[in-house]
DNA sequence: TCGTTGTATTAGTCTATTTAATACGTTTCT
DNA sequence: AGAAACGTATTAAATAGACTAATACAACGA
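Chains as they are written, first to last, in our numbering: chain A, 3 to 121; chain E, 3 to 121.
What follows is the structure, encoded as C-alpha cells:
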C-alpha cells in the first residue's frame, strides 16, 4: 500500500506520513477508511513497527487520522480528497517559488510565466 | 558572502554548493571571479574549513569552479548567468504552475502565495 | 623567504534515524 | 471468557552522515 525509498534523504516515517496524504489526494483512501495496522505496514515494508507507528503518531498529531487501541487508525475528514489535493498543490507551488527566488529569479519574470500559463 | 541555515536538513556543504550556483545565476559572481578562500568562508560562517573545502571540492568535481593550490578557486564558464541553471529554475516554476492549473487551482491563490514568498 | 591557498589525513564528536526486544491496556471476535 | 488484533510506551543499542579538531604538505605569488 505504501511506497518508500530507503536511499532517500527523507526519513522513512516522513515518507509514510506523506504517502497517506498522497493516497488521500488521489482518492485511493477516503475519510473513515481504515489504515493498515502498524505491524502490517512494518512487515510489508521490512521496517520496524516503531517507525510506522511514528508516522501514524504524527498524522494523528496533525489531525489527519484518529487512532484507538484495539480498533485501528482511520482517516479523518481533514484528509478529504479535495483538501489533500489543495495542500499538495499549494505546497509544491510554494516550493517552486521559493526555489526560484533563491536562485535570483525576478518576481516579474515569474508573474509573466504565470500569466502566460493562465492564458 | 554565503548564507547558511544551521537548522536546515540540507547539509552545510551542500548549502554552500548551492549558494555558489545561486550567486552565479543571479549575476552576483561571474565566470573568472575568485571565490573566498575556504579558510575565510569557514571563519566567516563559524564552520570547519573541511566543510567549506568539501563544498569547493564538489563544485570542482562538477566543473563549476577550478581550484589551484596557492592561487584560489575561480568560477568556470559553466556557471554563467544566462545558462542552464536559470532556465532549469524557470522551467521548474512553469511546470509547477501548469500542474496547479491542471488541478484547478485559482490564479489568484497562486498569486497570493507568490507575493507571500517575495515579501 | 614568507604568507596564502587548496588538499589530505586521521581521529573524534554529535545528532537523527532506525532497529530491537518487550510490555501493557483496550477492543473485537469467537 | 479467552484469544487475537491493535495502538502505545519504554529502554537500549546500532547505524550513518555531518561536522569538528588538529595537523601537515605542496604549490603559488609577492
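Using N, Cα and C, we set each Cβ at its ideal position, and we do this for glycine too. On a predicted model such as this, the values are computed, not experimentally measured, just so you know.
Query raised in the report: Mind checking whether residue 61 (chain E) and residue 32 (chain E) have CB atoms under 9 Å apart?
Result: no
Query raised in the report: DSSP state of residue 85 (chain A), grouped into three classes?
Result: helix
Query raised in the report: For the putative contact between residue 119 (chain A) and residue 119 (chain E), defined by C-beta atoms under 8 Å, what is the C-beta separation to the nearest angstrom?
Result: Going by Cβ atoms, the distance from residue 119 (chain A) to residue 119 (chain E) rounds to 17 Å, so no, they are not a contact pair.
Query - Backbone CA spacing between residue 29 (chain E) and residue 82 (chain E) [nearest angstrom] - result: 8 Å
Query - Contact set between the segment 4-27 of chain A and chain E, restricted to residues whose Cβ is under 8 Å from the partner - result: 11
**Report entry** Start and end residues, beta strand (DSSP E) containing residue 15 (chain A)
**Finding:** Per DSSP, residue 15 (chain A) belongs to no beta strand (DSSP E); it is in the alpha helix (DSSP H), 14-27.
Requested in this report: Check whether the segment 96-110 of chain A touches the segment 86-98 of chain E, counting contact only when three or more Cβ pairs, one atom from each stretch, lie closer than 8 Å.
Outcome: yes
Query raised in the report: If you draw a straight line from the alpha carbon of residue 6 (chain E) to that of residue 105 (chain A), how long is it in whole angstroms?
Result: 14 Å
Query raised in the report: Bridge partners of residue 36 (chain E), per DSSP?
Result: E:76
Query raised in the report: Name the DSSP bridge partner or partners of residue 67 (chain E)?
Result: E:77
Requested in this report: Mind reading off the beta-carbon distance from residue 23 (chain A) to residue 66 (chain A)? Whole number of angstroms is fine, and I expect it under 8 Å.
Outcome: 7 Å
Query raised in the report: Who are the neighbours of residue 109 (chain E) on chain A, taking C-beta pairs under 8 Å?
Result: 116, 120
Query raised in the report: Apart from the five residues just before and just after residue 46 (chain E), which ones in its own chain have a Cβ nearer than 8 Å to its Cβ?
Result: 3, 4, 38
Report task. Would you tell me roughly how many angstroms separate the C-alpha atoms of residue 41 (chain E) and residue 13 (chain E), rounded to the nearest one? Result -> 18 Å
**Report entry** Nonlocal neighbours in the same chain, by C-beta distance under 6 Å from residue 35 (chain E), ignoring five residues either side
**Finding:** 77
**Report entry** Where the alpha helix (DSSP H) through residue 111 (chain E) begins and ends
**Finding:** 109-119
Query raised in the report: Are the C-beta atoms of residue 62 (chain E) and some chain A residue less than 9 Å apart?
Result: no
Query - Residue environment, residue 9 (chain E), which counts as buried when at least 16 other CB atoms sit within 10 Å - result: exposed
Query raised in the report: Does any CB atom of chain A fall closer than 9 Å to the CB of residue 102 (chain E)?
Result: yes
Report task. State yes or no: is the C-beta of residue 19 (chain A) within less than 9 Å of the C-beta of residue 44 (chain A)? Result -> no
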